[in-house]
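Below is one structure, written out as structure tokens, with a few remarks after it.
Written out as structure tokens, the structure is:
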């Protein structure tokens with residue numbers, strides 16, 4: 140494909156809004172894989188064969204969103220934070236039982252002229 144044909148083909152893609160924060164947290168190998176995945180996603184979902192289809196989709200505000208997968212360093216850091224937040228020992232739940240008579244003793248009943 141020569142340069143002119145390549146430029147014309149690039150104009151037939153819908154704009155894709157991407158969340159690129161995850162690319163910062165990736166290693167070089169992960170970045171290359173993520174970019175290849177993005178290109179296949181773009182070919183599969185954003186390409187419009189005819190300019191008329193592209194124009195109609197743009198007119199109706201159709202835009203695509205792509206989120207890169209999480210990087211290994213970011214996942215490890217998030218797991219480390221998660222582990223710090225969890226308690227080290229198993230904590231048993233506290234069960235509180237309250238009876239209706241306890242509430243009546245505290246607040247009174249309507250017959251006694253308690254809270255209305």
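Numbering (the working numbering), first residue to last: 140 to 255. Positions of the beta carbon are idealized from the N, C-alpha and C atoms, including for glycine.
Boundaries (first-last residue) of the alpha helix (DSSP H) holding residue i
i           : result
residue 216 : 211–224
residue 246 : 239–246
residue 142 : 142–149
Element boundaries [beta strand (DSSP E), containing residue i]
i           : result
residue 158 : 155–158
Cβ-Cβ distance between residue i and residue j below 9 Å
i           : j           : result
residue 186 : residue 152 : yes
residue 224 : residue 169 : no
Inside the segment 160–216 only - alpha helix (DSSP H) runs reaching at least 4 residues: 160–163, 167–180 and 190–198
Given 8 Å, three or more beta-carbon pairs between the segment 179–197 and the segment 226–246: no
Validate contact between the segment 189–199 and the segment 238–252 using beta carbons, cut 8 Å, 3 pairs: no
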